[in-house]
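Protein chains in written order, with this note's numbering: chain Z, 2 to 258; chain W, 2 to 258; chain Y, 198 to 510; chain U, 198 to 510. See below for the structure under consideration.
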Amino acid sequence: MTLCDAEIIGLRQVAQGVHVLSFRSPEVAYSILPGQFLNLRVHDGLDPLLRRPFSVYRVEKEIVEVIFNVVGKGTAILAGKKKGDMVSILGPLGVPFGIGGRFTNAILIAGGLGIAPMPILAEHLRKAGKQVEIFVGARTSDQLALQHLKAPHVATDDGSRGFHGTVVGLVESYLKEHPLTDAKVFACGPTRMLSAVSNFARTSSLPCELSLEGEMACGIGICQGCPVERTNGERRYALVCTEGPTFDSTTIHLREG
Amino acid sequence: MTLCDAEIIGLRQVAQGVHVLSFRSPEVAYSILPGQFLNLRVHDGLDPLLRRPFSVYRVEKEIVEVIFNVVGKGTAILAGKKKGDMVSILGPLGVPFGIGGRFTNAILIAGGLGIAPMPILAEHLRKAGKQVEIFVGARTSDQLALQHLKAPHVATDDGSRGFHGTVVGLVESYLKEHPLTDAKVFACGPTRMLSAVSNFARTSSLPCELSLEGEMACGIGICQGCPVERTNGERRYALVCTEGPTFDSTTIHLREG
Amino acid sequence: MKTGFTLRNVQFRNRVFVASGTFGYGDEVRNLVDVSHLGGIMTKSLSWKPRDGNPPPRIAETPSGMLNSIGLANIGVHAFIEKKLPYLRTLDTRIVVNIAASSVQEYCDVLGLLDEHEGIHGFEINVSCPNVKEGGLSFGTDCDRTAEITSRLRALTEKPLIIKLTPNVTHIGQFAAAVKEAGADAVSVMNTVIGMAVDARTRKPKVSTVTGGLSGPAIKPIALAKVYEVAQSVDIPIFGIGGIMTAEDAVEFLLVGASAVQIGTANFIDPSTGVTVAKGIESFARQQGLNDIGELVGALNARKDFSVLQSWL
Amino acid sequence: MKTGFTLRNVQFRNRVFVASGTFGYGDEVRNLVDVSHLGGIMTKSLSWKPRDGNPPPRIAETPSGMLNSIGLANIGVHAFIEKKLPYLRTLDTRIVVNIAASSVQEYCDVLGLLDEHEGIHGFEINVSCPNVKEGGLSFGTDCDRTAEITSRLRALTEKPLIIKLTPNVTHIGQFAAAVKEAGADAVSVMNTVIGMAVDARTRKPKVSTVTGGLSGPAIKPIALAKVYEVAQSVDIPIFGIGGIMTAEDAVEFLLVGASAVQIGTANFIDPSTGVTVAKGIESFARQQGLNDIGELVGALNARKDFSVLQSWL
Ligand SMILES: Cc1cc2nc3c(=O)[nH]c(=O)nc-3n(C[C@H](O)[C@H](O)[C@H](O)COP(=O)(O)OP(=O)(O)OC[C@H]3O[C@@H](n4cnc5c(N)ncnc54)[C@H](O)[C@@H]3O)c2cc1C
Ligand SMILES: Cc1cc2nc3c(=O)[nH]c(=O)nc-3n(C[C@H](O)[C@H](O)[C@H](O)COP(=O)(O)OP(=O)(O)OC[C@H]3O[C@@H](n4cnc5c(N)ncnc54)[C@H](O)[C@@H]3O)c2cc1C
Ligand SMILES: Cc1cc2nc3c(=O)[nH]c(=O)nc-3n(C[C@H](O)[C@H](O)[C@H](O)COP(=O)(O)O)c2cc1C
Ligand SMILES: Cc1cc2nc3c(=O)[nH]c(=O)nc-3n(C[C@H](O)[C@H](O)[C@H](O)COP(=O)(O)O)c2cc1C
Ligand code: FES
Ligand code: FES
Numbered sequence: 002m003t004l005c006d007a008e009i010i011g012l013r014q015v016a017q018g019v020h021v022l023s024f025r026s027p028e029v030a031y032s033i034l035p036g037q038f039l040n041l042r043v044h045d046g047l048d049p050l051l052r053r054p055f056s057v058y059r060v061e062k063e064i065v066e067v068i069f070n071v072v073g074k075g076t077a078i079l080a081g082k083k084k085g086d087m088v089s090i091l092g093p094l095g096v097p098f099g100i101g102g103r104f105t106n107a108i109l110i111a112g113g114l115g116i117a118p119m120p121i122l123a124e125h126l127r128k129a130g131k132q133v134e135i136f137v138g139a140r141t142s143d144q145l146a147l148q149h150l151k152a153p154h155v156a157t158d159d160g161s162r163g164f165h166g167t168v169v170g171l172v173e174s175y176l177k178e179h180p181l182t183d184a185k186v187f188a189c190g191p192t193r194m195l196s197a198v199s200n201f202a203r204t205s206s207l208p209c210e211l212s213l214e215g216e217m218a219c220g221i222g223i224c225q226g227c228p229v230e231r232t233n234g235e236r237r238y239a240l241v242c243t244e245g246p247t248f249d250s251t252t253i254h255l256r257e258g
Numbered sequence: 002m003t004l005c006d007a008e009i010i011g012l013r014q015v016a017q018g019v020h021v022l023s024f025r026s027p028e029v030a031y032s033i034l035p036g037q038f039l040n041l042r043v044h045d046g047l048d049p050l051l052r053r054p055f056s057v058y059r060v061e062k063e064i065v066e067v068i069f070n071v072v073g074k075g076t077a078i079l080a081g082k083k084k085g086d087m088v089s090i091l092g093p094l095g096v097p098f099g100i101g102g103r104f105t106n107a108i109l110i111a112g113g114l115g116i117a118p119m120p121i122l123a124e125h126l127r128k129a130g131k132q133v134e135i136f137v138g139a140r141t142s143d144q145l146a147l148q149h150l151k152a153p154h155v156a157t158d159d160g161s162r163g164f165h166g167t168v169v170g171l172v173e174s175y176l177k178e179h180p181l182t183d184a185k186v187f188a189c190g191p192t193r194m195l196s197a198v199s200n201f202a203r204t205s206s207l208p209c210e211l212s213l214e215g216e217m218a219c220g221i222g223i224c225q226g227c228p229v230e231r232t233n234g235e236r237r238y239a240l241v242c243t244e245g246p247t248f249d250s251t252t253i254h255l256r257e258g
Numbered sequence: 198m199k200t201g202f203t204l205r206n207v208q209f210r211n212r213v214f215v216a217s218g219t220f221g222y223g224d225e226v227r228n229l230v231d232v233s234h235l236g237g238i239m240t241k242s243l244s245w246k247p248r249d250g251n252p253p254p255r256i257a258e259t260p261s262g263m264l265n266s267i268g269l270a271n272i273g274v275h276a277f278i279e280k281k282l283p284y285l286r287t288l289d290t291r292i293v294v295n296i297a298a299s300s301v302q303e304y305c306d307v308l309g310l311l312d313e314h315e316g317i318h319g320f321e322i323n324v325s326c327p328n329v330k331e332g333g334l335s336f337g338t339d340c341d342r343t344a345e346i347t348s349r350l351r352a353l354t355e356k357p358l359i360i361k362l363t364p365n366v367t368h369i370g371q372f373a374a375a376v377k378e379a380g381a382d383a384v385s386v387m388n389t390v391i392g393m394a395v396d397a398r399t400r401k402p403k404v405s406t407v408t409g410g411l412s413g414p415a416i417k418p419i420a421l422a423k424v425y426e427v428a429q430s431v432d433i434p435i436f437g438i439g440g441i442m443t444a445e446d447a448v449e450f451l452l453v454g455a456s457a458v459q460i461g462t463a464n465f466i467d468p469s470t471g472v473t474v475a476k477g478i479e480s481f482a483r484q485q486g487l488n489d490i491g492e493l494v495g496a497l498n499a500r501k502d503f504s505v506l507q508s509w510l
Numbered sequence: 198m199k200t201g202f203t204l205r206n207v208q209f210r211n212r213v214f215v216a217s218g219t220f221g222y223g224d225e226v227r228n229l230v231d232v233s234h235l236g237g238i239m240t241k242s243l244s245w246k247p248r249d250g251n252p253p254p255r256i257a258e259t260p261s262g263m264l265n266s267i268g269l270a271n272i273g274v275h276a277f278i279e280k281k282l283p284y285l286r287t288l289d290t291r292i293v294v295n296i297a298a299s300s301v302q303e304y305c306d307v308l309g310l311l312d313e314h315e316g317i318h319g320f321e322i323n324v325s326c327p328n329v330k331e332g333g334l335s336f337g338t339d340c341d342r343t344a345e346i347t348s349r350l351r352a353l354t355e356k357p358l359i360i361k362l363t364p365n366v367t368h369i370g371q372f373a374a375a376v377k378e379a380g381a382d383a384v385s386v387m388n389t390v391i392g393m394a395v396d397a398r399t400r401k402p403k404v405s406t407v408t409g410g411l412s413g414p415a416i417k418p419i420a421l422a423k424v425y426e427v428a429q430s431v432d433i434p435i436f437g438i439g440g441i442m443t444a445e446d447a448v449e450f451l452l453v454g455a456s457a458v459q460i461g462t463a464n465f466i467d468p469s470t471g472v473t474v475a476k477g478i479e480s481f482a483r484q485q486g487l488n489d490i491g492e493l494v495g496a497l498n499a500r501k502d503f504s505v506l507q508s509w510l
């Protein structure tokens with residue numbers, strides 16, 4: 002884990018309101034694992050005050066990329082960055098996805114900006130010799146950011162592209178036609194979608210890891226601000242920042258919006 | 002007085018840490034008078050919260066210019082503006098310099114960024130048929146911003162350029178050699194310099210107007226935050242924003258830093 | 198869309214007001230703001246005699262806020278009646294006169310004099326004033342004194358009587374209960390929070406009175422908690438005040454229990470903030486499919502099993 | 198340059214500490230921060246039994262600040278002694294254990310147990326905790342209860358005893374006087390300010406307990422005023438806390454009367470803020486030609502004829 006300033010190499014828009022920020026950070030590039038995140042300081046002003054957590058989207062040599070949606074103050078400031086600006090990064094943070102283990106097929110399910118960790122995850126899975134199928138859902142086609150995803154299966158709520166319905170619906174109908182043996186599910190996206198995914202995984206008795214989002218202050222376990230309820234064990238809560246953001250779907254209760 | 006967003010035409014550095022911001026504002030350009038100021042909002046964030054007051058430096062057709070020093074948060078943000086950005090301006094505000102009246106010679110005295118109102122002031126004075134002599138003081142020569150000032154007399158504290166000493170010292174020694182009859186003094190700069198100027202004006206019994214600075218919140222008379230002590234009258238304080246920033250030097254007590 | 202509300206026989210066009218001391222006497226901004234879109238104007242605090250106010254510096258900026266030490270600078274009630282009231286009468290909005298004083302008697306004298314004049318629709322009482330009898334301790338931190346002022350003034354007017362509470366007390370709910378008991382029609386929550394700013398290099402306080410009043414977005418979370426505490430403890434109309442910059446901020450105050458809001462510091466950045474907020478609340482309510490802004494008042498969706506005064510750490 | 202100071206026979210390397218609950222138990226950031234540059238570490242509040250803490254959401258950002266509702270989540274004093282203390286003992290800095298409890302007896306049990314163990318240099322008592330006996334009202338808003346806790350604990354330890362005061366009271370000076378009288382060696386000023394944040398669209402509070410504790414730069418002016426009030430009313434060493442991000446902020450606290458400072462929320466942005474601040478204070482003092490940081494304590498250049506509690510409007 003390092004805390005340092007990284008030079009911004011570029012910022013590009015890849016879909017409606019969706020941007021990719023690239024910066025040079027050897028420390029992160031050479032140590033980051035899929036599912037881990039960075040806590041970025043969007044400026045050195047006092048408002049917004051806190052860092053903002055972002056999954057790592059892609060890594061190329063010393064260049065690290067995050068993909069984000071403009072949803073408020075912090076992401077708006079990020080979207081205004083220019084090549085050459087510096088950004089303070091803290092990371093890599095959190096527990097990566099479990100890509101080892103004895104499964105042969107990986108089912109990646111992303112809703113909206115849940116695609117963030119998927120390119121780097123798919124790459125590592127393939128390196129580890131796994132078969133990867135990627136399923137991506139969005140409200141409308143213009144919100145889809147499919148770059149850097151190999152042959153993604155697409156679902157849109159409005160049917161403007163691909164399967165008309167939810168991404169989980171798409172996964173189910175796909176598996177009916179192409180049953181996958183010893184598969185593992187990896188999912189990232191809105192809470193409602195994650196619940197659907199873990200239900201699906203349970204009923205089809207597939208191992209499943211979810212990447213959670215939620216408010217964070219420190220990202221490193223010192224504020225106790227990011228609890229998620231555990232399903233068992235003597236402790237009631239786990240910390241998303243240090244025990245997650247990736248969790249075995251059977252070990253946590255997802256919070257209702 | 003208007004409150005509107007103005008498009009930034011350009012930003013240029015004219016001396017060490019000194020920048021000139023140009024923006025298009027017909028409303029201001031056609032109504033502004035020398036010594037009046039604008040209250041600028043440097044961004045639409047919450048910190049810094051308040052507008053920042055700046056004298057108008059120059060006007061060309063619809064283009065208005067302010068000159069500023071980077072001294073803190075707000076001016077640092079201003080110095081980062083780019084062509085095409087918008088800036089919210091409130092103004093013209095305050096009481097302009099009295100350029101009418103029966104004097105024939107105008108003695109303009111500026112210390113540091115006190116040069117801000119001088120180009121527009123000199124222009125209006127000459128239009129009104131007055132003789133104008135401009136005296137500019139700075140700590141060192143690289144802090145001098147002499148652009149747009151006709152044949153300025155220069156003083157520097159370190160003697161790196163022009164007269165070695167204070168600008169008031171320069172004025173006094175100049176007047177010894179070139180006595181000026183029925184002259185009026187106009188001054189803007191740090192409080193210590195303004196006191197020296199008003200002492201000088203009193204002893205040489207010249208009418209004198211000072212442009213004051215000081216903390217402001219609203220700039221339009223609704224917060225009562227910008228008092229300056231008056232020398233007479235039943236009210237103890239005048240408001241710098243609405244009764245100033247220009248004052249006859251005999252009517253106010255300057256605050257000690 | 199129903200936007201208005203009524204307070205003791207006086208109807209207000211909508212629920213957005215401008216806060217005392219942040220809008221002058223209304224005339225300074227005549228060319229900038231269409232006050233007919235406001236619920237009303239709270240005037241700068243008036244005392245019996247004119248007050249010069251505190252020496253400079255009177256203001257300092259703080260993170261997302263500001264500190265002020267104006268010292269109740271005002272023209273006095275007589276000059277107000279002569280010079281300001283005639284203009285205020287011409288405005289198409291409600292005028293609530295805010296009163297400050299250094300003795301209970303002075304409060305009564307000022308209100309008594311004003312009550313005889315046309316064009317005043319209510320009174321807001323600023324109790325965050327030094328009580329000379331008590332060596333400068335603020336009336337507003339003394340519950341009995343605050344209640345006494347309220348009942349004395351209640352006896353003098355039939356117009357809406359609004360007591361403006363200070364947040365600088367342990368249990369603001371007790372003060373709200375006391376003034377309701379004493380006959381207040383509403384409370385304004387809240388005045389500024391005691392604060393301080395220092396210049397590390399000169400070692401001087403940034404306002405001449407050493408401490409001052411903190412306002413602006415920085416205090417919005419405190420104001421929301423104070424309004425919520427009052428709304429939970431007493432059934433009385435509340436004017437929510439503190440750091441409101443946007444319509445969304447204002448809606449937050451309505452949700453926690455304010456019947457109306459006041460815009461303060463935001464006026465210094467844009468004196469027409471109140472107008473923008475009033476319009477913004479209306480379109481927000483429309484989006485939410487409401488017919489009456491009042492449906493937002495106290496509509497917070499929260500578990501009731503947490504007390505404001507409980508610890509949270 | 199003399200940077201250290203002494204509190205009841207314990208010497209501290211310098212005057213910069215990290216605040217309870219914002220630095221964990223020190224081990225989480227072992228690779229990021231060289232704690233040997235800190236005066237000391239205030240641990241997360243410890244209670245007798247482990248506490249799960251409050252349900253999510255526990256934090257929300259506010260203008261230049263944040264709201265938290267952690268619920269004193271902690272591993273409990275026994276696990277602390279087993280799992281955390283051994284590591285803390287290896288650190289080249291002072292360890293001040295912060296204690297939270299829901300009864301006077303629990304405070305005594307926790308301190309009594311800890312006092313027997315090596316490697317603890319002092320205790321900081323968090324009185325901003327719900328007193329179950331009083332239906333959840335915080336001990337810290339009750340002056341007698343706060344004094345009682347202090348004297349009970351004083352009898353149990355010879356180590357520095359620091360009482361951490363809550364700002365959510367009318368006259369914090371009275372609380373400081375009471376705990377000094379009861380035997381406290383110092384006070385920490387201040388804990389978080391009661392605040393609230395609401396999501397206008399969902400109509401839900403942004404922290405699960407409805408209200409929470411406000412911290413960060415937004416509250417710095419309030420903290421400076423509280424420290425100043427305590428310094429004006431009682432002669433007792435003060436740990437100044439609230440919104441410190443930079444060395445300059447820290448110097449402001451020293452000037453108004455704090456003997457030392459604590460860094461809280463800033464640790465979430467950069468856990469080594471305390472180290473940066475400690476170094477920054479030293480170079481600031483050098484620039485000012487001082488030989489001892491202590492020369493800054495209470496060195497405010499202010500007229501003494503204004504009372505903190507006077508009005509300022
Ligand atoms: C481990 C982790 C990884 C993340 N990875 C990504 C990513 O790769 N790409 C991406 O676009 N976003 C990601 N997020 C969410 C991202 O952190 C938030 O969108 C961002 O902090 C919003 O900041 P803001 O200032 O723009 O919005 P704010 O003004 O802070 O809030 C705007 C809205 O976003 C909501 N929000 C704020 N913070 C979060 C949060 N941490 N999680 C969810 N909603 C939030 C607020 O409730 C509010 O409704 C991640 C979050 C976590 C915890
Ligand atoms: C009527 C008027 C006209 C002005 N014209 C100009 C001008 O043409 N060019 C220019 O460079 N500056 C001018 N100033 C000063 C300018 O407003 C301040 O320098 C600016 O507001 C500082 O903002 P900041 O956020 O960068 O600094 P801050 O972070 O706000 O403060 C940095 C330092 O500047 C001091 N300061 C802050 N505000 C003022 C102020 N209003 N006056 C004096 N010192 C202040 C602070 O005390 C602090 O020491 C004028 C001020 C007034 C009142
Ligand atoms: C410069 C200034 C002057 C004020 N003057 C008064 C006043 O005269 N009477 C009063 O009751 N409140 C006064 N207030 C308090 C405001 O009315 C309001 O209660 C407070 O500022 C909080 O709201 P805000 O955060 O929106 O500013 C003043 C506030 C400021 C900033
Ligand atoms: C997330 C968080 C957790 C905290 N936990 C504790 C705690 O357990 N015990 C305590 O005495 N204070 C606790 N505090 C209060 C801080 O120690 C400090 O007093 C307060 O945050 C003000 O300082 P700051 O503005 O620098 O953060 C906590 C503060 C925050 C933000
Ligand atoms: S974000 Fe601070 S503990 Fe997880
Ligand atoms: S700055 Fe507000 S009255 Fe002058």
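Note that CB positions come from ideal geometry on N, CA and C, so glycine has one too. These numbers were taken from a predicted model, which means no experiment stands behind them.
Residue burial classification, residue i (beta-carbon count within 10 angstroms, cutoff 16)
i, result
"methionine 393 of chain U", "buried"
"arginine 283 of chain Y", "Here the sequence assigns proline to residue 283 of chain Y, which means arginine is not the residue at that position. The residue is exposed, with fewer than 16 neighbouring Cβ atoms inside 10 Å."
CB contact flag (residue i, residue j, <9 Å)
i, j, result
"valine 88 of chain W", "phenylalanine 38 of chain W", "no"
"valine 431 of chain U", "glycine 380 of chain U", "no"
"alanine 457 of chain Y", "valine 230 of chain Y", "no"
"leucine 109 of chain Z", "alanine 202 of chain Z", "no"
Minimum Cβ-Cβ distance from residue i to chain Y less than 9 Å
i, result
"glutamate 445 of chain U", "yes"
"tyrosine 425 of chain U", "yes"
Residue-level contact to chain W via CB, residue i, 9 Å cutoff
i, result
"leucine 47 of chain Z", "yes"
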